[in-house]
Amino acid sequence: MPEDEMPKEVAYRMIKDELSLDGNPMLNLASFVTTYMEEEAEKLMTECLPKNFIDYEEYPQTADIQNRCVSMIGRLFHAPVKDSEAVGAVGTSTVGSSEAIMLAVLAMKKRWKNKRIAEGKPHDKPNLIMSSAVQVVWEKATRYFEVEEKLVYCTPDRYVIDPQETVDLVDENTIGICAILGTTYTGEYEDVKAVNDLLVKKGLDTPIHVDAASGGFVAPFVVPDLEWDFRLERVVSINVSGHKYGLVYPGVGWVVWRSAEYLPQELVFNINYLGADQASFTLNFSKGASQVIGQYYQLIRLGKHGYRAIMSNLTRTADYLAESLAALGFIIMSKKSGEGLPLVAFRLKGDPDRNYDEFALAHQLRVRGWVVPAYTMAPKTDGLKMLRIVVREDFSRNRCDGLINDIRLCQGLLEQMDKDSIKKQQEFIHKNHVTSGKASHNHPKYRVSAATRRRNTHCRARRGRRTLSAESFSSRSDSGSDAGSEYDSGSGSDIDEYYKENHEGQDLEREKCPLCRSASEVQRKGEEEGIGDSDSATDDGTLVLGERYSRSNDRSTESPAASTTARTAYNHLTLSRHCGRKAMARGRKQRQGKDAGQTFSLELPSGKKLLTLRIGA
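Letter by letter, the sequence shown follows residues 38 to 654 in the numbering used here.
Okay, structure coming up:
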């Protein structure tokens, strides 16, 4: 955190420049998350940014709007409702389907436990039945709440649960069954009705929770006769994501129970320290009201007719894309004509003479700007590789045609490459892939290792980023030269990783390492002097700014251009001090005095060199 403040324009511009390195959300075909809302909706949500949703006493109308949304969604799922109030159903907004699922699992476990205690039976081994293709939140829930997973595995030709196999796994310790309305892998709807009917036939009172995170706002409008919701007597709770096909910016989710009896009273907390008595049964407490308001806007703005028109159009676009990909020789793994989510899951045909796989194709598409994920199917499917394209509201037919053309071009390019070149390219990408490392925990213990990234089944294409480039890196050591290389600016723990690799188990301490010490010296000099030009130097490093300036408190003495450029450079260094350290870490062959005189430069996204770091003797 910098010691001094900066002009708001500089802070805005600096962050905006950093964010320009992110991908384009509209070209991110990996995500289900909404990327477009109308201007009026955005205005409403912006006006509600200061509101803390949980403060019902201060914002009673916002709380009432949530209740209206729950009622509308409950009706959509055929919950017992009457007029404007739910006489049986109960529900709440959440920050997403992950929180909603956690609440549903807690409710099922607590209800099962209470029943076992009343019957005088053991209650220490609860289990939950679910597909091996569930979203990761289900694995988190079972681990957090100490519930055994009973998995129904997919097969090479079946990517959803088998109803008979599912019901056969039920025993006295089963707290519930998870059924998915739109799997993450292929977008298929699991046969909730078949599971329900088998439970009824066997006389089993096992509750079903439907994970309708993606399909909850699609199926009711595209296939209204499909029975998957509260029309089935064993379905006791449903979650849905408002920020997916609910058409709201992230993050908002919803969970609805058939009636209050399925939400144990122990999970409802009554408080009054916000000025009035109110009940709370969410995991989060404080949260913004904007997303709930955004959901209400979409529900009343579009109505059933509007949602039906949008979802039907998305389904037609997905069918068109599937037919076009099939014409290019791909095998389509997802369903068509509204039998699944509006997405296309596909893979290459088996061909021993083909030089590339789905991951190579995904990388080539990323080069052209498209983010199309490549991944392996759920366990026990013979390691099937696949790609998935999610069709959202902003994915028009014209954009779809552009994607198809780019897929054709990428295929042609890969076919011109030899097998060894593609293999080396993939190995290089996996070895130097740092995006997932940046997105992980800041503590080195929890960072994703390179080996883990290579094993990761999801291909996240490499994104553009700020770089440290070698301005002059001619090594005078016997170990060779790294001239012309480019060095990524990694996360703040890169120096810790470097230290562990180069110092751990040795007598050399971090403070005595010329590389580690030089980075700290540059940072110190920048903070103390805040001024430099191309000929200013110390024994350990040189700080070079784009224009000479003074960090005087009297900013009126500085020219606007010089101030903006220089302060941007200084704060870029202050807030990202690991950049210089990363350069040091990459100079491993030149460490311990062998790297004297080597120079590095730091570039902002504009390409302007604002910092030069010279390793001293």
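No residue lacks a Cβ here, since even glycine has one placed at the ideal position from N, Cα and C. Just so we're clear, the structure is a prediction, and the values are computed from it rather than from any experiment.
Minimum C-alpha distance to residue i - residue among the options
i	options	result
Leu385	Ala364, Trp175 and Asp438	Ala364
Gly420	Trp294, Gly283, Glu376 and Tyr196	Tyr196
Val207	Gly219, Leu235 and Gly224	Leu235
Gly125	Gly133, Phe114 and Thr131	Phe114
Val408	Ala415, Asn61, Lys187 and Ser57	Asn61
Ser433	Pro379, Val189 and Arg391	Pro379
Glu303	Ala316, Arg295, Trp291 and Val293	Ala316
Tyr333	Gly343, Val285 and Val293	Val285
Gly655	Cys106, Met38 and Met43	Residue 655 lies beyond the range of the chain shown here (38 to 654); nothing can be said about it.
Thr319	Val305, Val329, Tyr190 and Ala346	Val305
Asn164	Glu183, Glu156, Ala297 and Val174	Glu183
Leu339	Leu56, Asn151, Lys461 and Glu77	Glu77
Lys177	Ser134, Gln335, Tyr190 and Tyr93	Ser134
Val142	Leu336, Val247, Pro87 and Gln401	Val247
Gly283	Asp266, Lys187 and Gly252	Gly252
Val273	Trp265, Gly279 and Gln328	Trp265
Pro416	Ile198, Gly279 and Arg295	Ile198
Val404	Glu209, Gln448, Trp175 and Asn307	Gln448
Glu209	Pro301, Pro44, Leu241 and Asn307	Leu241
Thr223	Pro87, Met370, Glu452 and Ala399	Met370
Asp342	Pro261, Asp457, Pro97 and Ile444	Note that residue 342 is His in the sequence shown here, rather than Asp. It is Pro261.
Gly279	Leu66, Leu450, Glu136 and Ser296	Glu136
Met74	Leu446, Pro287, Met423 and Met167	Pro287
Asp388	Glu464, Glu452, Glu46 and Leu358	Glu452
Glu225	Thr71, Ser168, Arg268 and Tyr181	Ser168
Leu424	Cys437, His400 and Asn435	His400
Beta-carbon separation (whole angstroms), residue i vs residue j, contact threshold 8 Å
i	j	result
Val656	Ile245	The chain is shown only over 38 to 654; residue 656 falls outside these bounds and no answer can be derived.
Val232	Thr203	6 Å
Val289	Ser130	6 Å
Ile138	Trp175	7 Å
Phe383	Leu362	5 Å
Cys63	Asp431	First, the residue type needs correcting, since residue 63 is Met and not Cys in the sequence shown. That belief holds up - the Cβ atoms of Met63 and Asp431 are roughly 5 Å apart, short of 8 Å.
Lys150	Glu185	Between Glu185 and Lys150 the Cβ distance is about 14 Å, and since that is not below 8 Å, they are no contact.
Residue i classed as buried or exposed, judged by whether at least 16 other C-beta atoms fall within 10 angstroms
i	result
Phe396	buried
Ile275	buried
Ile52	exposed
Arg50	exposed
Phe367	buried
Phe322	exposed
Thr99	buried
Tyr393	buried
Lys158	exposed
Phe254	buried
Val173	exposed
Met38	exposed
Gln201	exposed
Ile102	buried
DSSP-derived helix/strand/coil call for residue i
i	result
Gly128	strand
Val70	coil
Asp54	helix
Ile384	Correcting the residue identity first, residue 384 is Arg in this sequence and not Ile. DSSP places Arg384 in strand when its eight states are reduced to three.
Pro44	coil
Val428	coil
Asn321	coil
Gln560	Because Gln560 sits at a pLDDT of 47, beneath the cut-off of 50, its placement in the model cannot be relied upon, and the point is left open.
Ser274	strand
Ala250	coil
Gly658	Nothing about residue 658 can be reported from this structure: the residues present for the chain run from 38 to 654 only.
Ile91	coil
Tyr196	coil
Residues near residue i by beta carbon distance below 7 Å, same chain, minus five either side
i	result
Val259	Met348, Ser349, Thr352 and Gly375
Ala355	Pro379, Leu380, Val381 and Val428
Asp443	Leu402, Arg405 and Trp407
Ile426	Leu66, Leu358, Leu380, Val381 and Val409
Ala297	Val127
Arg148	Tyr299 and Pro301
Neighbourhood of residue i by C-beta, 6 Å cutoff - its chain only, sequence neighbours within 5 removed
i	result
Thr220	Ala170
Arg153	His160
Ala249	Leu218, Ile275 and Val277
Tyr344	Phe258
Ile91	Phe322 and Ser323
beta-carbon residue i near the ligand GDP non-hydrogen atom, thresh 6 Å
i	result
Pro39	This structure simply doesn't include the ligand GDP, nor any ligand for that matter.
Closer than 7 Å to chain D by CB, residue i
i	result
Leu235	As a matter of chain content, chain D is missing from the structure shown, which is built from one protein chain.
Close-in-space but distant-in-sequence residues of the same chain around residue i (CB under 8 Å, 5 per side omitted)
i	result
Cys85	Thr99, Gly325, Ala326, Ser327 and Ile330
Ala144	Ser274, Trp294, Tyr299, Leu300, Pro301 and Leu304
Lys373	Ala355, Asp356 and Ala359
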